[in-house]
Amino acid sequence: MKILVCIKQVGDDGETNRFDVHALEEALDLKDQLQTQLSKSVVLDVVTVGPPGACKIIRRAFGMGADRGFHCVTEKPDFVSSFVTATRLAAVAQKEPYDLILTGIMSADMMAGQTGPMLAKILGLPCATSVIKTSVPSSDMTIEVERELDNGLRDCLTITMPAVLTIQAGINTPRYPKLSSMLAAGQKKIETFKELDLFPEPIQAREISIGTEYPKKTRSGRVLEGSLSDKAAEFLAFLKEKDLL
Amino acid sequence: MKQIFVIAEIFANQIRPVTWELVAAARVIEKNLPSQQSSPAIHVIVPADHPLPLAETIAQRTGMDVIGLQIPELKTEPFAKTIEEPQKGTKKHKEKGRKARWDCMWERGAPAPHGDSGSLARGSAYSGEIYISCIEQLAEELNPSHILIAHTPQGQDFAPGLAVGINAASVPAVNGIRTDEEGLIYSRPVFDNSRNLLVRPTQHRPVVLTVMPGIFKAAVGEEQKSGRLEIRDLPHQPAGYGDQRIRHRRTLKRSCENQALKEAKVIVAAGRGIKEKENLKEIFEFAQSFSSAAVGASRPLIDMKWIEYQHQVGITGATVSPRLYIACGISGSSQHLAGMKKAEFVVAINKNPEAPIFLHADLCIIEDVFEFIDVFLTKRGKSNGFYDFK
Chain A
1 MKILVCIKQV GDDGETNRFD VHALEEALDL KDQLQTQLSK SVVLDVVTVG PPGACKIIRR
61 AFGMGADRGF HCVTEKPDFV SSFVTATRLA AVAQKEPYDL ILTGIMSADM MAGQTGPMLA
121 KILGLPCATS VIKTSVPSSD MTIEVERELD NGLRDCLTIT MPAVLTIQAG INTPRYPKLS
181 SMLAAGQKKI ETFKELDLFP EPIQAREISI GTEYPKKTRS GRVLEGSLSD KAAEFLAFLK
241 EKDLL
Chain B
246 MKQIFVIAEI FANQIRPVTW ELVAAARVIE KNLPSQQSSP AIHVIVPADH PLPLAETIAQ
306 RTGMDVIGLQ IPELKTEPFA KTIEEPQKGT KKHKEKGRKA RWDCMWERGA PAPHGDSGSL
366 ARGSAYSGEI YISCIEQLAE ELNPSHILIA HTPQGQDFAP GLAVGINAAS VPAVNGIRTD
426 EEGLIYSRPV FDNSRNLLVR PTQHRPVVLT VMPGIFKAAV GEEQKSGRLE IRDLPHQPAG
486 YGDQRIRHRR TLKRSCENQA LKEAKVIVAA GRGIKEKENL KEIFEFAQSF SSAAVGASRP
546 LIDMKWIEYQ HQVGITGATV SPRLYIACGI SGSSQHLAGM KKAEFVVAIN KNPEAPIFLH
606 ADLCIIEDVF EFIDVFLTKR GKSNGFYDFK
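Protein chains in written order, with my numbering: chain A, 1 to 245; chain B, 246 to 635.
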């Protein structure tokens with residue numbers, strides 16, 4: 001069985017998107033169980049699309065237990081349309097017959113939640129988003145998952161593989177990378193793909209960003225001034241005035 | 246004539262209220278389209294196994310034209326029972342004696358229960374695969390310029406695939422619609438809600454939008470004139486891969502909710518900014534300094550298993566309406582804000598002056614949560630002779 005996990009580098013520290021860490025942990029857990037319980041051999045690959053420095057998160061994934069890493073190297077742009085990212089990921093994912101493709105429900109920075117389901121559609125695969133539980137597939141044909149809805153509800157689904165799952169936080173507690181694996185990972189080769197080799201014609205973005213702005217206030221937002229003690233006194237006075245103590 | 250599609254959100258054979266908000270958002274788009282374009286027709290699309298009664302209600306309440314998509318595959322049978330959730334790492338959970346309980350609400354292929362099935366509606370199951378293929382077929386025929394879908398777990402599941410399927414632009418989590426000389430601009434939250442990104446779809450494509458709940462005011466009542474009604478038989482046509490690949494088995498509902506959170510006059514809530522699990526102790530002490538307070542938490546704390554689900558405030562947790570909500574080290578994700586915006590007063594304590602929670606608070610205390618609580622508790626003790634939490 002072959003599993004691919006799509007990961008993204010986010011934030012000023014260049015960490016792995018936390019939802020993708022949950023996706024990687026879930027894939028590692030499935031791999032462990034398939035190997036120990038069902039004696040199946042499983043290959044677990046990770047792929048990222050991003051600037052040259054994004055190879056750092058692939059090394060970290062090696063440290064957690066990923067077998068192989070692919071990096072589709074891009075410039076660092078201000079805004080990337082999810083469709084463009086999904087198209088790049090699809091180009092890498094199509095190189096191998098993956099049974100399962102996992103990724104985080106969204107990235108913590110862009111918060112779009114589109115890459116997974118778009119990737120599935122481009123590859124012609126079924127997709128379940130917001131997956132909060134998986135069961136170890138007893139055959140190579142299907143996997144049972146639960147997806148989280150709102151109002152405390154969950155849908156239980158049986159999905160024919162190959163399939164794409166986007167993973168919700170709370171599904172597991174991710175392991176820390178092992179120091180020994182991290183050291184060994186330093187020797188491992190990351191296979192890189194250049195944008196131009198994958199796409200001689202540039203992918204057309206379907207949306208463009210024209211800037212950012214601060215969200216609107218929904219309440220008065222009075223900022224308490226002065227020393228810590230002043231602020232505590234004012235807060236206490238507020239509570240007394242409104243009879244909230 | 247160009248069309249605007251609104252995809253009604255149907256769950257368990259009920260129209261979800263977010264549908265009315267989508268209609269309101271569609272009207273905003275209609276108004277903001279460049280005047281040289283002919284006025285588009287808004288169509289509300291209702292996918293269900295038996296859409297007629299739902300479609301009638303929507304046509305009456307909105308005055309819009311409605312197309313019911315009759316999709317037999319969206320049928321489920323009613324069946325109720327209570328089941329235990331088998332947890333991963335069950336041993337630990339057993340030790341703690343805490344096992345989440347789930348009521349099984351609807352299950353496929355199970356016999357209907359004897360007698361009255363009580364208040365359970367017949368479940369109309371959602372399937373992303375079916376929704377995408379059916380709406381694609383309709384879009385191909387009617388060529389809509391905009392398709393509006395709720396930014397909910399259901400809408401987020403099928404909207405991106407639909408956009409790819411019809412070669413559309415796709416803008417998720419829309420929280421604002423406006424226009425400039427070049428056309429419509431959509432805003433959506435990014436970076437933990439601390440900014441809005443302004444997005445413009447490239448021209449000459451349809452646009453799929455998922456619209457944030459709670460933004461556009463639902464202006465519906467009984468309209469004078471009901472919209473036209475059309476029911477289309479639309480069997481799901483799996484494009485060349487045989488059977489359905491996503492099969493809905495059952496829907497589960499958590500059986501316990503935190504009554505304490507719903508009834509509390511004051512809620513002291515903790516977020517990721519409290520840094521360590523051990524620091525929750527101090528949050529509980531802070532709560533105890535009020536006469537009637539409960540402790541709430543934002544989702545990451547539940548995900549990290551620092552505190553039980555019963556404390557979670559937000560879309561996937563409890564929706565609360567206390568007199569006072571004190572957000573401690575909570576950044577203010579939309580997931581959380583949706584659960585606490587009905588509070589009478591909101592006080593936010595956070596070290597980061599950029600935290601978006603301050604935009605949604607009455608009082609903003611820009612301090613380290615625990616330094617502030619310490620000073621507050623000392624003052625509170627002095628001001629009130631009989632108060633002593635230890």
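C-beta: ideal position from N, C-alpha, C; glycine also. All values derive from a computational prediction rather than experimental measurement.
Residues sharing a beta bridge with residue i, DSSP
| i | result |
| --- | --- |
| Leu493(B) | First, the residue type needs correcting, since residue 493(B) is His and not Leu in the sequence shown. DSSP, once it has assigned bridges, lists Leu157(A) as partnering His493(B). |
| Gly541(B) | Ala514(B) |
| Pro292(B) | Leu314(B) |
| Tyr570(B) | Ile512(B) and Val591(B) |
| Gln9(A) | Thr16(A) |
| Pro298(B) | The partner list for Pro298(B) (beta bridge, DSSP) is empty, contrary to what the question assumes. |
| Ser432(B) | Gly421(B) and Leu443(B) |
| Asp478(B) | Gln315(B) |
| Cys127(A) | Val164(A) |
| Ala148(A) | The identity of residue 148(A) in the sequence shown is Glu, whereas the question assumes Ala. Answer is Arg154(A). |
Interface flag, residue i vs chain A, CB-CB below 8 Å
| i | result |
| --- | --- |
| Arg490(B) | yes |
| Lys498(B) | yes |
| Thr447(B) | yes |
| Cys379(B) | no |
| Thr264(B) | no |
| Phe250(B) | no |
| Ala253(B) | no |
| His493(B) | yes |
| Leu604(B) | yes |
| Gly626(B) | no |
| Lys550(B) | yes |
| Ala366(B) | With a pLDDT of only 37 at Ala366(B), under the threshold of 50, the placement of this residue in the model should not be trusted; the figure read from the coordinates follows. Output row for Ala366(B): interface = no. |
| Glu612(B) | yes |
Any chain B beta carbon closer than 8 Å to residue i
| i | result |
| --- | --- |
| Lys217(A) | yes |
| Thr36(A) | no |
| Ser139(A) | no |
| Asp20(A) | no |
| Ser209(A) | yes |
| Lys242(A) | yes |
| Gln114(A) | yes |
| Gly152(A) | yes |
| Tyr214(A) | yes |
| Phe199(A) | no |
| Ser41(A) | no |
| Ile159(A) | yes |
| Lys231(A) | yes |
Residue of the options minimising C-alpha distance to residue i
| i | options | result |
| --- | --- | --- |
| Leu429(B) | Ile210(A), Val47(A), Arg219(A) and Phe79(A) | Ile210(A) |
| Arg198(B) | Lys587(B), Arg272(B), Arg473(B) and Phe617(B) | Since the first residue of chain B shown is 246 and the last is 635, residue 198(B) is not available in this structure. |
| Ala108(A) | Lys624(B), Glu527(B) and Phe436(B) | Phe436(B) |
| Val92(A) | Phe238(A), Phe199(A) and Gly11(A) | Phe199(A) |
| Glu616(B) | Ala304(B), Gly410(B) and Phe531(B) | Phe531(B) |
| Ala583(B) | Gly626(B), Ala300(B), Arg544(B) and His288(B) | Arg544(B) |
| Ser471(B) | Val311(B), Pro296(B) and Glu553(B) | Val311(B) |
| Ala54(A) | Gly69(A), Glu26(A) and Glu225(A) | Gly69(A) |
| Ile371(B) | Val620(B), Asn441(B), Glu318(B) and Lys510(B) | First, the residue type needs correcting, since residue 371(B) is Tyr and not Ile in the sequence shown. Of the listed residues, the one whose Cα sits closest to Tyr371(B) is Glu318(B). |
| Ala184(A) | Arg59(A), Asn151(A), Cys72(A) and Glu234(A) | Arg59(A) |
| Leu123(A) | Phe83(A), Thr142(A) and Leu149(A) | Phe83(A) |
| Ala286(B) | Ile560(B), Ala515(B) and Ile249(B) | Ile249(B) |
Three-state secondary structure (DSSP) of residue i
| i | result |
| --- | --- |
| Gly626(B) | helix |
| His391(B) | strand |
| Ser536(B) | coil |
| Ile611(B) | coil |
| Asp45(A) | strand |
| Thr115(A) | helix |
| Asp361(B) | Confidence at Asp361(B) is low in this model, with a pLDDT of 33, below 50, so the placement of that residue should be treated as unreliable; the coordinate-derived value is given next. In this structure, Asp361(B) counts as coil in the three-state DSSP scheme. |
| Gly410(B) | helix |
| Lys31(A) | helix |
| Thr36(A) | helix |
| Gln448(B) | coil |
| Leu4(A) | strand |
| Ala600(B) | coil |
| Lys121(A) | helix |
| Ser378(B) | helix |
| Phe461(B) | coil |
Complete runs of the alpha helix (DSSP H) confined to the segment 67-111 of chain A [at least 4 residues]: 82-93
Complete runs of the alpha helix (DSSP H) confined to the segment 163-241 of chain A [at least 4 residues]: 179-185, 195-198 and 228-241
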